[in-house]
Amino acid sequence: MSSDAAPKAARSASLPSSNPFERLAALIADLAPGMDPVVMTIGEPRHAVPGFVADVLAGSIGDFSRYPNIRGTDAFRESVGRWLDTRYCLGGTLDVARGILPLNGSREGLTFAALGARDYLAKTGARPAVLMPNPFYQTYAAAAHVAGAELVALDARAETGFLPDLDALSPELLDRTVAFYYASPANPQGVAADLATWQRVITLARRHRFLVVADECYSEIYRDAPPAGVLEAAHAMGEGFANVVSINSLSKRSNLAGLRVGLAAGDPDFLEAWARFRGLAAPQVSMPLQAVAAAAFADEAHVAENRRLYNAKYDVAQRLLAPLFGPVVPQAGFFLWLDVARWGGGIEVTRRLWAEAGVKVLPGAYLAMDGASGNPGADYIRIALVDDETTIERALSRVVAVLGD
Ligand SMILES: Cc1ncc(COP(=O)(O)O)c(C=O)c1O
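Going by our numbering, the first residue of the sequence shown is number 504, and it counts up by one from there.
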């Protein structure tokens, strides 16, 4: 570890050699499922596609013959602008012409944002760094790789509220940081940063000249109150959206993971520069899909229904799991992040649940990398509550039967 390393930071110059799902397949390859399988690993929504999608698509089918503009259609940007303005009380301050871009889902944008930030910031001298939480969405590692930057993983454990410890970051590290991938609501833990925490991150970004890449794709899948967002925090600070970009998509909000439409919104100067680069290099978003997205961002009824379905499943989870785990319901997202240390940790429990109950979960260790004090995901399993309520009830009852023995 080099001298400016934060005490709890893990470092890796390269990509993970395989993704968590491949590692899981290898982990349980020697085991047969003990009962009919229930797969609870992938964060792929299984609630219904909103009813209006087919009509909007049919109505704009002719546009499939046209090359889309990299900046998106006016209708897309205006719909996204209205949605963000209402959701985060921005008072019309977002620049709808320059401060919003369509993405092919947030993953694509997350992959290339660090590269865009590196070029835009043009920091000289020390090797650029990309910060991310640990556990983390694996694409952040790809982003650091693409940007030729050092990947710095910041442990996000229970002791720091499952968010990175900002006090542990040295000025030297922050000075050479080009992008800080900040996930809120976080996958897998489901915690969300409050306004003050976002503002601390933004203050650091402005002081040390880096870009906050806010991964907010679970922003609408919350329990009681909508979590604060990075744009809201920047707006409340009163100095525009410099050094801030929010990445979001319709994948979780609208059960449209296959549509592959997302958005980047915030710093208009960064987004302008990134759009020029993206005009050479990035995949455009086809216009009929942007039309669907514009309609989806204009409708909240299907999103409220989505939340209702997830919340009902969390009620089931809390009722069944409370005797073993206490409170299990996170602030947002659609995962359970269960501490299974007393049963031998995530790897051991994943094998047992598959072999004894046919329940396929993901070991937390596969969503994190080794840090200064071990792997922060090692004690956990992640369970996705994407199936219907009956299936969730059946699967979690089996989990209780296995672990409750
Ligand atoms: C934390 C997080 N960010 C980003 C994504 C990517 O979502 P999409 O590319 O579908 O918008 C996911 C998908 O699972 C995720 O969990």
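Note that beta-carbon positions come from the ideal geometry of N, C-alpha and C, so glycine has one too.
* Asked: Is the closest heavy atom of ligand 1 to the C-beta of L613 under 7 Å?
  -> Residue mapping note: residue 613 aligns to position 110 of the sequence shown, counting from 1. Yes, since a heavy atom of ligand 1 falls inside the 7 Å radius drawn around the Cβ of L613.
* **Where the alpha helix (DSSP H) through D718 begins and ends** => For the purposes of this step, residue 718 is taken as the residue at position 215 of the sequence shown. Note, D718: premise wrong, no alpha helix (DSSP H); beta strand (DSSP E) at 714-718.
* Asked: Alpha carbon to alpha carbon, how far is A509 from G651?
  -> Here residue 509 corresponds to residue number 6 of the sequence shown, with the count starting at 1. Here residue 651 corresponds to residue number 148 of the sequence shown, with the count starting at 1. With a pLDDT of only 45 at A509, under 50, the local geometry of the prediction cannot be trusted, and the value read off the model is given with reservation. Straight-line Cα distance between these residues: approximately 20 Å.
* Return helix, strand or coil for D842, following the three-state DSSP convention. => For the purposes of this step, residue 842 is taken as the residue at position 339 of the sequence shown. Three-state result, D842: strand.
* Asked: Which of the three DSSP states, helix, strand or coil, is assigned to M504?
  -> In the sequence shown, counting from the first residue as 1, residue 504 sits at position 1. For M504, the predicted model reports a pLDDT of 36, less than 50, meaning its position is unreliable and no value from the coordinates is stated.
* Rounded to the nearest angstrom, how far is the Cβ of N911 from that of V559, given a contact under 8 Å? -> An answer regarding residue 911 cannot be provided, because it is not within the stretch 504 to 908 covered by the chain.
* Any non-hydrogen atom of ligand 1 within 7 Å of A708 CB -> The residue you call residue 708 lines up with position 205 of the sequence shown. False, no ligand heavy atom lies under 7 Å from that Cβ.
* Ordered along the chain, which non-local residues of its own chain (more than five positions away) have a Cβ less than 8 Å from that of A825? -> Along the sequence shown, one-based indexing puts residue 825 at 322. Within the same chain, A825 has close Cβ partners V831.
* Compute the minimum distance between the beta carbon of A760 and the heavy atoms of ligand 1, and state whether it is under 7 Å. => Stepping through the sequence shown from its first residue, residue 760 is reached at position 257. The answer is yes for A760.
* Asked: Hey, would you say the C-beta of D917 is under 7 Å away from at least one heavy atom of ligand 1?
  -> The first residue shown for the chain is 504 and the last is 908, placing residue 917 beyond what the model contains.
* Can you tell me whether DSSP reads A516 as helix, strand or coil? -> Residue 516 sits at position 13 when you count from the first residue of the sequence shown. Bear in mind that the predicted position of A516 carries a pLDDT of just 47, short of 50, making it unreliable; the figure below should be weighed with that in mind. Of the three classes helix, strand and coil, the one that applies to A516 here is coil, per DSSP.
* Nearest to F555 (by Cα), restricted to the options A659, R822, A794 -> Along the sequence shown, one-based indexing puts residue 555 at 52. Residue A794 is the option with its Cα nearest to F555.
* Where F683 falls: helix, strand or coil (DSSP) -> Position 180 of the sequence shown, counting from 1, holds the residue named residue 683. Residue state, collapsed to three classes: strand.
* Asked: Can you find a heavy atom of ligand 1 that lies under 7 Å from the Cβ of N690?
  -> Counting from one through the sequence shown, the residue named residue 690 turns up at place 187. Yes.
* Asked: What residue does the alpha helix (DSSP H) around I884 start on, and which one ends it?
  -> Here residue 884 refers to the residue found at position 381 of the sequence shown. Note, I884: premise wrong, no alpha helix (DSSP H); beta strand (DSSP E) at 883-887.
* **For R810 and I895, the rounded distance between their alpha carbons** => Taking the first residue of the sequence shown as position 1, residue 895 is located at position 392. Taking the first residue of the sequence shown as position 1, residue 810 is located at position 307. Between I895 and R810, the C-alpha separation is close to 16 Å.
* What is the DSSP secondary structure of E635, reduced to helix, strand or coil? -> Counted from its first residue, the sequence shown places residue 635 at position 132. Note that residue 635 is Met in the sequence shown, not Glu. Three-state DSSP puts M635 in a strand.
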